[in-house]
Amino acid sequence: MAEVALINIDKCEVIDPSETGHGFKMKEAVGNWMTMDILWLFTIPVDGQPAPPPATPAKPVWGRPVARVPVGHWAGDRVIIVDQDAGSASMNLPADLLARFPEADPEGDAIEFALENLKHVGLADYKPAEKLDANDALFPTDRVWVVRNLTKRWYARGDVLVKAEKLSGPAITAGVGLSDLVWAEIGGAMSCGSSHGERFDIQTLASIQNPEDGQEWVDKSKQAKSTLVSFDMNDDVSALRGEDEDY
């Protein structure tokens, strides 16, 4: 198992799982629920409401605090997951990112390039007063939430990806869900995902039905469900989390 890092290309930021309490390696991150915990990086509150600040403070790691970012901080940015086996920075990262660090070696490992040059940040988080329910003003459960690939203009509905009894607004109570799909698509899965370095967010279905730019979106909910099943089976997601597979 190789070390892993989550990279925001546009903001020049990196999240190191060892600094967020999720371990060093891919399977450790999966087993420690990081694929669920990235949810609030990409999720946008309903009705144009402002994103809330981090619910918990920066956490000191290795003697220094790694500050959390606000909810939705990575929504709409180019993102990618790389590990030690990914190869060089020049093979994995776009030229515009490499150009911002002219002193760095582009032929070195992509993960080393990211960890040595990009800004280290923590995860976003959100803690409702009680549980997520229909009364939650920012992330209500009485609306359908979707994962959107803004680069390729496709979306996947949460009510297709997740059984109703395990769905709580954009979050889930068990199994694999919306943020697991983003994780798999941006490079966190062994055998699925084809959206490395692309732009994602998580919003309500209204953002698809009434897009501000008037352009069409393609419903890829069924294909995305297959991606999640493949991710769960081939990367041992349920087993690592101590859950039973249930599709």
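Using our numbering, read the sequence shown as starting at 3 and increasing by one per residue. Just so you know, even glycine gets a beta-carbon here, dropped at the ideal spot from N, CA and C.
Residue i vs residue j beta-carbon contact at 8 Å
i	j	result
residue 169	residue 160	yes
residue 56	residue 72	yes
residue 77	residue 203	yes
residue 70	residue 127	yes
residue 5	residue 29	no
residue 178	residue 230	yes
residue 108	residue 92	yes
residue 140	residue 48	yes
residue 225	residue 150	no
residue 46	residue 25	no
Cutoff 7 Å; reference residue i; Cβ partners in own chain excluding five residues on either side
i	result
residue 227	162 and 163
residue 189	82, 83, 84, 195 and 198
Buried or exposed (CB count within 10 angstroms, at least 16 for buried), residue i
i	result
residue 172	buried
residue 10	buried
residue 192	exposed
residue 175	exposed
residue 234	buried
residue 23	exposed
residue 211	exposed
Beta-bridge partners of residue i, as assigned by DSSP
i	result
residue 157	150 and 221
residue 15	10 and 121
residue 84	7
residue 2	The shown model of the chain, from 3 to 249, leaves out residue 2, and the question about it has no answer.
Same chain, Cβ closer than 8 Å to residue i, five either side skipped, listed in chain order
i	result
residue 79	10, 11, 12, 13 and 201
Worksheet item: Touch check for the stretch 155-164 and the stretch 217-232: three-plus C-beta pairs under 8 Å?
Response: The stretch 155-164 makes contact with the stretch 217-232, as at least three CB pairs between them are under 8 Å.
Worksheet item: Does the count of Cβ pairs from the stretch 84-95 and the stretch 112-119 closer than 8 Å reach three?
Response: yes
Item to complete: Inspect the CB distances between the stretch 34-49 and the stretch 180-196 and report whether three or more fall short of 8 Å.
Response: Cβ pair count under 8 Å is three or more, so yes.
Practice prompt. Pair every Cβ in the stretch 18-35 with every Cβ in the stretch 234-246, then say whether three or more of these pairs are closer than 8 Å.
Written response: yes
Discussion item. Check whether the stretch 117-132 and the stretch 13-28 are in contact - that is, three or more C-beta pairs closer than 8 Å.
Written reply: yes
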